[in-house]
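Reading through the structure tokens given below for one structure.
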Amino acid sequence: MRGRVRRLRAEPFVLLGPGLAYLLVFLVVPLGLVLSYTVFKRGRFGGIVYEANGGNFARAADPIYADVLMHSVTLALITTVLALLIGYPTAYVIAHLPARWKAFALVAVVLPFWTNFLIRTYAWIVLLNSQGLVNSALIDLGLVDKPLQLLYTDGAIVTGLLYAYLPLMILPLYSAIERLDPQLREASANLGAHPARTFLSVTLPLTLPGTLTGCVFVFVPSLGNFVIPELLGGGKRIMVGNLIRDQFLKARDWPFGSVLAAAVVAVLILLLTAQAWTARRFSGEEDHA
Amino acid sequence: MRRMSAATLTAALVLTLAACGGGPSSEGPAAPDQLDPSADLSKQTLTISNWDKYMPEDLPATFKAKTGTTVTVTKHATNEEVVAKLTAGGDSGIDVAFVSGQYAQALAEQGLLEPIHPELVPNLKNLSPEATQLAYDKGNKYSVPYTWGTTGLCYRRDLTGYDPDSWKDLLDPRPALKNKVTMLATERWLMLPAQKVLGFSANTQDKAQLDQVKDTLVKAKGNLLAFDDTTFGDRLKSGEVALAEAWDGWCPTDQKDIKFVVPKEGSDLWVDTMVILKSSKNKEAAHAFINDVLDPEVHGWAVSNILYKVPNAAAMAKVDPALLKNYPALAMTPADLLKGEGLVDLGDAGPAYTQIATEVTAK
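As they're listed, the protein sequences go chains A and B. 1 is the number of the first residue of the first sequence in the UniProt record's numbering; add one for each residue after it. 1 is the number of the first residue of the second sequence in the UniProt record's numbering; add one for each residue after it.
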């Protein structure tokens, strides 16, 4: 009996060990380094001069950076909402396909990931430019009489982000919907609920953790992406990812880049905490805890 | 001048972050090593850091055949990336690096470069006399120029309907060209048109001048299709863009109606150079390598393959006339090039330039 209690205490640590070690080496330590850089001075040739410097934080307070952050958050939010609106029905349909078709559909969702991200982004340039396929089609159909400015707009950025990260929305949603016990919906129907009511009262709450996971999976990389705003946005409106990249690679200002990176990480930690909290609450784990 | 293609942005960021080891080395400038002109080069090895496809692919093999030296090539995507490696402290293992002039200057000021020993590089005589007058390193004390060029307007004559000759054509385009112009995205060149229109130096650090530059650029942005470093050539070909700020070698003048002009307000002079690291243990071989690159045959490769001018009179004399016909910018004389303002390291004004680029692109 005593032996068993002891084993139970050690077990979680043994099981968590590799994961914790991984997090320590690849997350905590690098993140700690980045955080420590924020209080030092810019080396003239890049790198860090180890002299205290509080000015980095004051500089980050410049409204210009808040503007960039707000704009990035807005575009990332729009992307996330659109991904949810498209991803939920898609995942729902896939989850209810016959097994053979299910596998096929899932591969189709993941397939784009096997192509280089940049090539896929460049493909959107081909599609969206004024001589591109989309404009040609619109003109041929007589919907417009001269090419629309599609490329180099916020719309092009959102399109690129949506396309790039939609699978990250569909997959967790699929797994959440798939796991749903069909009997629950049957019970709801038997008790007289309309399909819409069943969806709102049963399906949706029970898949909420998956929904939130999908939203975070799409929002986080959308916020940090710097290639798409450059290629599809024409670099005319940068996002926070570009800002941070430029501090490291162009201005050789690692301390300030670290301040901006830390700000983004703080936003993301808030989000992840909220997501984890909600997921726990709605998956009912709290009751068992 | 070579810059990262978009394809390498991510890799570059990862690498630079990975190189975040320490601050710049505090080594001061020391007396040049005594080098042995008769050293056995076959006992030496070299590691060269260069941009991708920026020298002949078979150069390591041909150099080994001549000297017996084994050459390893590592590639960098940007100046910033290789400089981060070289300044990270400790031995980078790199003997010879290809970097732009202003970066060679910065490395030399940090005492990281071995002075060039002219007696070990007899082919220096092939360099145009103008190539010793470069602002970042007068007399080529620490660097040997590899390619050089300038920045100007690349345009579709059939779409513009006239021949632009001023940076104003770009910053304040005629109504028909609205949203059909692009500017370079890399900040030194993003700033250049405004600096030249206002009559300022391309290296200005004056706060009031930089403020004016910013205002001019913010106004210009309204008429711009994009800031574009990578695809403007294709956009000109497809006709989506009628007028682009472009590096000379990147303007596809072999296409009908596409022309290149250096605006009347003047432009820059960029130079890519070869430098030898003080930490190199194989400095004789490093000099021999640079000497080999200055061979007209080897150096001329850059002209016909990357369409950049080289400061090597003997190599330029051998350029195929057909190529010059297609790419008239290659025929610019060294004297013409030197009218452009040499880009130098901005030192502590670097963040100010980034700040302006940010403010222009943030709204």
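Positions of the beta carbon are idealized from the N, C-alpha and C atoms, including for glycine. As the structure is a computational prediction, the values presented were derived from the model and not from experiment.
>> Tell me which residue opens and which closes the beta strand (DSSP E) that T203(A) is part of.
In response: Where T203(A) is concerned, there is no enclosing beta strand (DSSP E), given that its DSSP letter is neither H nor E.
> Quick one: is S201(B) buried, meaning 16 or more other Cβ sit within 10 Å of its Cβ, or exposed?
Replying inline: exposed
> Looking at chain B, which residues of the stretch 111-141 of chain A have a Cβ within less than 8 Å of any of its Cβ atoms?
Replying inline: L118, I125, N129, S130, Q131
>> Going by DSSP in three states, L9(B) sits in which element: helix, strand or coil?
In response: Unreliable placement is indicated for L9(B), whose pLDDT of 46 sits below 50; the coordinate value is still reported in the next sentence. Three-state result, L9(B): helix.
> If M274(B) and I290(B) are in contact, beta carbons under 8 Å, what's the gap, nearest whole angstrom?
Replying inline: 5 Å
> What residue from L69(A), T38(A), D62(A), F57(A) has the CA that sits closest to S222(A)'s CA?
Replying inline: L69(A)
> Distance, Cα to Cα, L151(A) vs P175(B)?
Replying inline: 20 Å
> Assuming A39(B) and E284(B) make a contact with CB atoms under 8 Å, what is their CB distance in whole Å?
Replying inline: 4 Å
> From K41(A) to A52(A), what does the alpha carbon distance come to, in whole angstroms?
Replying inline: 7 Å
>> I'd like to know whether the C-beta atoms of P37(B) and E109(B) end up nearer to each other than 8 Å.
In response: no
> Fully enclosed by the stretch 200-259 of chain B, which beta strand (DSSP E) runs are 3 residues long or longer?
Replying inline: 224-227, 243-247
> D348(B) to F226(A), Cα distance in whole Å?
Replying inline: 26 Å
> Helix, strand or coil: which one does DSSP assign to S72(A)?
Replying inline: helix
> Hey, does A349(B) have any beta-carbon neighbour from chain A nearer than 8 Å?
Replying inline: no
> Helix, strand or coil for L153(B) per DSSP?
Replying inline: strand
> Since A45(A) meets chain B, which of its residues come closer than 7 Å, beta carbon to beta carbon?
Replying inline: What sits at residue 45(A) in the sequence shown is Phe, not Ala. P24, V83, T87, A106, Q110, listed in chain order.
> Using a beta-carbon distance below 8 Å, is E284(B) in contact with chain A?
Replying inline: no
> By Cβ distance below 7 Å, which residues in the same chain neighbour P296(B) in space, the five residues on each side in sequence not counted?
Replying inline: N126, N312, A314, A315, K318
> Do you know offhand how far A95(A)'s Cα is from Q183(A)'s?
Replying inline: 15 Å
> Going by beta carbon distance, what residues of the same chain come within less than 8 Å of W301(B), once the five residues before and after it are set aside?
Replying inline: M55, P56
> Residues bridged to S100(B) by DSSP?
Replying inline: D272(B)
> Given that a residue counts as buried once 16 or more other Cβ atoms are within 10 Å of its Cβ, and exposed if not, what is L23(A)?
Replying inline: exposed
>> Tell me the residue span of the alpha helix (DSSP H) that contains N129(A).
In response: Segment: none, N129(A) is in no alpha helix (DSSP H) and carries neither H nor E.
>> DSSP three-state label for W254(A), please.
In response: helix
>> Along the stretch 60-77 of chain A, where does the CB come closer than 9 Å to a CB of chain B? Name the residues.
In response: D62, I64, Y65, D67, V68, H71
> Among R9(A), T213(A), F256(A), F282(A), which residue has its Cα nearest to the Cα of T80(A)?
Replying inline: T213(A)
>> By alpha-carbon positions, which one of T153(A), L208(A), V34(A) ends up nearest to R179(A)?
In response: L208(A)
> From what residue to what residue does the alpha helix (DSSP H) around T67(B) run?
Replying inline: 59-67
> Which same chain residues, not among the five before or five after W167(B), have their C-beta less than 6 Å away from its C-beta?
Replying inline: P193, K196, V197, P263, E265
>> Does any residue of chain B have a CB that is nearer than 8 Å to the CB of A276(A)?
In response: no
> Which residue or residues does DSSP assign as beta-bridge partners of V71(B)?
Replying inline: L46(B)
> M316(B) lies in the beta strand (DSSP E); which residues open and close that run?
Replying inline: Premise fails: M316(B) lies in the alpha helix (DSSP H), 313-317, not in any beta strand (DSSP E).
> DSSP three-state call for E187(B): helix, strand or coil?
Replying inline: helix
> Taking any Cβ of chain A, which residues in the stretch 235-254 of chain B have a Cβ under 8 Å from it, in chain order?
Replying inline: R235, S238, G239, E240
> Rounded to a whole number of angstroms, what is the C-alpha to C-alpha distance between L33(A) and N56(A)?
Replying inline: 16 Å
> Which first and last residues belong to the alpha helix (DSSP H) in which W101(A) is found?
Replying inline: 99-110
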